[in-house]
Every structure is written in structure tokens, then in C-alpha cells.
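First up is the structure itself, then whatever we jot down about it.
Numbering (mature numbering (1 follows the signal peptide of the UniProt record, and there is no 0)), first residue to last: -17 to -1, 1 to 255.
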């Protein structure tokens, strides 16, 4: 009797462990099974410099990384700005030198805040305005270029400053090259009421996110026409070394104020 019970239980156990016939199983071949080690989410973890508390050592040189939230997750990065639908030849921001998106932003911000020029361009820049016209010549520093050239032209638009526009048209180079070439459209309305629309080409060498060498090519007749209609003091040549301030009829700006704007992009001031 005991032997019969043992045989019966053994047969039952064997039956339960045998696979069912294939025709009794409905398998969806498209179904993907997750292994126990598969992650339950694809969101990246907190920056490795975070310690899970939401805090980071204020003396940590890497504290400018993604903010620490303490939940173990990195907040999603903000979407890239539209940048007027501009098509970048190289949109990468992982660059040895300055990226093309950074170059675009650097020119565009001057449309509304010209003081950014004083951190965008190094104070000892070598700046050549090519051609034979009133603002042409080589400038050995930023202040001489600003006073003798840029400000002299910008005051022609003071009465209609709200209509001044800057539109980067093309950017070549940068990223893994210290040199880049930018085609930039400057538009506005002059004090005389006449429209102004000009294309400039800037050939620039970058170092630590600043332009340190520049050659710019502009539409000389357009500049001469603008100066002729809005001021009477004009002449110049690219052979002239601009060692003296010649601001034009608008007079000298406050140099101390301009020097106060100067510095490196990270906020450090020049030591000399």
C-alpha cells in the first residue's frame, strides 16, 4: 500500500514538471521580456560629485556641474534656444576651443547689450578693420577700436536704438580650431531716418572663450554713406596705426566705466 502511494506521488510530480505541448502555449514572438537586472527607468543618476544629500562641497572645484537634488537623479537639461532657425555646420558644444553655438550667442547678445563686448573681446586684442574708409586700420587694444570705430558707428543709430538688429548668417570653424569665420548681418535705422543694412565678415582667433585676434571686412561704401549722412568728420586707411583716440564728433566716452566692464568670461578681472 505504501509502495502504491509512493509510485502515485512520483508520477504526479513528474507530470507537473513536464512542459506542456507547444500547441497549448500562446507565445507572442514580439513580446520583450525584461531580465531581473533591467533598469526600471532610463533617467541618469545624480552627478558623481553629489553625495545623495542634495548638497555639494562649496570648495569642490567641480561644483559648477549639474545641481545636486538629493534624489539621485539629474534634472533634464533645458532645451537649446531656437537661434532663429540657424543651421550649424558643427553644433557640438564639446570643443577644445569655442563652439559654434557659443559664437552665435556671442554676436547676438550685442544686439541688446553692447557691454558684453568687453568680455567677448580681450582687452589687448589685435584688431584690423580691412579697407580704405573712416574706421579702417589696425588697433592694438579693445578701447581704441571701440572709441575710434565701433562707438563712432553705433552713435549713428542712437535715435533708433530699438530698431538695431544683429543676425549671424554663417559660421565656419571654431570648436577644434582656434580660428573661426563669421558672416554677420547688421540692420537698423540711422539718426537721419535712412535704413541701414550691412554684411560684415569677421575672421577671429579665440583663446579661453575670448577673441584675441580679429580681421573684419565691411562694406566700405555703406559705412562712408552712413558717416557722410550723420557726421562730417571722416577719412582713414588700413595702413594707419590707431594709437590715439579719435572718437569723432560724439566725443570721448568714460574710459573708466568701459574698463570696469572688462574681464574674463568667468568673471575674473584683469590683473594689469
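Where is the CB? At the ideal position from N, CA and C, for every residue including glycine. Since this is a predicted model, take the numbers as computed values, not measurements.
I'd like the span of the beta strand (DSSP E) that includes residue i, first residue to last.
{"i": "residue 155", "result": "148 to 156"}
{"i": "residue 102", "result": "Careful: residue 102 lies outside any beta strand (DSSP E), inside the alpha helix (DSSP H) at 100 to 103."}
{"i": "residue 182", "result": "178 to 190"}
{"i": "residue 256", "result": "Because the chain in this structure spans residues -17 to 255, residue 256 falls outside the shown range and cannot be described."}
{"i": "residue 196", "result": "193 to 200"}
{"i": "residue 121", "result": "120 to 122"}
Just to confirm before moving on: does the CB-CB distance between residue i and residue j stay below 8 Å?
{"i": "residue 210", "j": "residue 117", "result": "yes"}
{"i": "residue 199", "j": "residue 174", "result": "no"}
{"i": "residue 146", "j": "residue 130", "result": "no"}
{"i": "residue 71", "j": "residue 83", "result": "yes"}
{"i": "residue 177", "j": "residue 212", "result": "yes"}
{"i": "residue 186", "j": "residue 90", "result": "no"}
{"i": "residue 148", "j": "residue 67", "result": "no"}
Just verifying my parser: in three-state terms, what is the DSSP assignment at residue i?
{"i": "residue 164", "result": "strand"}
{"i": "residue 128", "result": "helix"}
{"i": "residue 250", "result": "coil"}
{"i": "residue 109", "result": "strand"}
{"i": "residue 244", "result": "helix"}
{"i": "residue 72", "result": "coil"}
{"i": "residue 224", "result": "strand"}
{"i": "residue 235", "result": "coil"}
Relative to the C-alpha of residue i, which candidate in the options has its C-alpha closest?
{"i": "residue 305", "options": "88, 84, 122", "result": "Because the chain spans -17 through 255 in this model, residue 305 falls outside it and cannot be assessed."}
{"i": "residue 208", "options": "181, 197, 111, 80", "result": "181"}
{"i": "residue 114", "options": "132, 127, 99, 164", "result": "132"}
{"i": "residue 140", "options": "112, 170, 155", "result": "170"}
{"i": "residue 221", "options": "167, 168, 237, 112", "result": "112"}
{"i": "residue 258", "options": "135, 251, 158", "result": "Residue coverage of the chain in this structure runs from -17 to 255, which leaves residue 258 outside it and unanswerable."}
{"i": "residue 110", "options": "235, 195, 234, 214", "result": "195"}
{"i": "residue 79", "options": "134, 155, 160", "result": "160"}
{"i": "residue 144", "options": "252, 96, 250, 249", "result": "96"}
{"i": "residue 124", "options": "69, 73, 241, 76", "result": "241"}
{"i": "residue 65", "options": "81, 88, 76, 77", "result": "88"}
{"i": "residue 126", "options": "252, 237, 251", "result": "237"}
{"i": "residue 135", "options": "179, 68, 214", "result": "214"}
{"i": "residue 119", "options": "156, 203, 179, 142", "result": "203"}
What span of residues does the alpha helix (DSSP H) with residue i cover, start to end?
{"i": "residue 135", "result": "134 to 137"}
{"i": "residue 140", "result": "Segment: none, residue 140 is in no alpha helix (DSSP H) and carries neither H nor E."}
{"i": "residue 92", "result": "Per DSSP, residue 92 belongs to no alpha helix (DSSP H) and is neither H nor E."}
Margin query: Would the region 231 to 245 count as touching the region 91 to 109 if we require 3 or more Cβ pairs under 8 Å?
Written below: Yes, they touch.
Margin query: Contact between the region 178 to 192 and the region 224 to 239 is defined here as three or more beta-carbon pairs at a separation below 8 Å; is this criterion met?
Written below: No, they do not touch.
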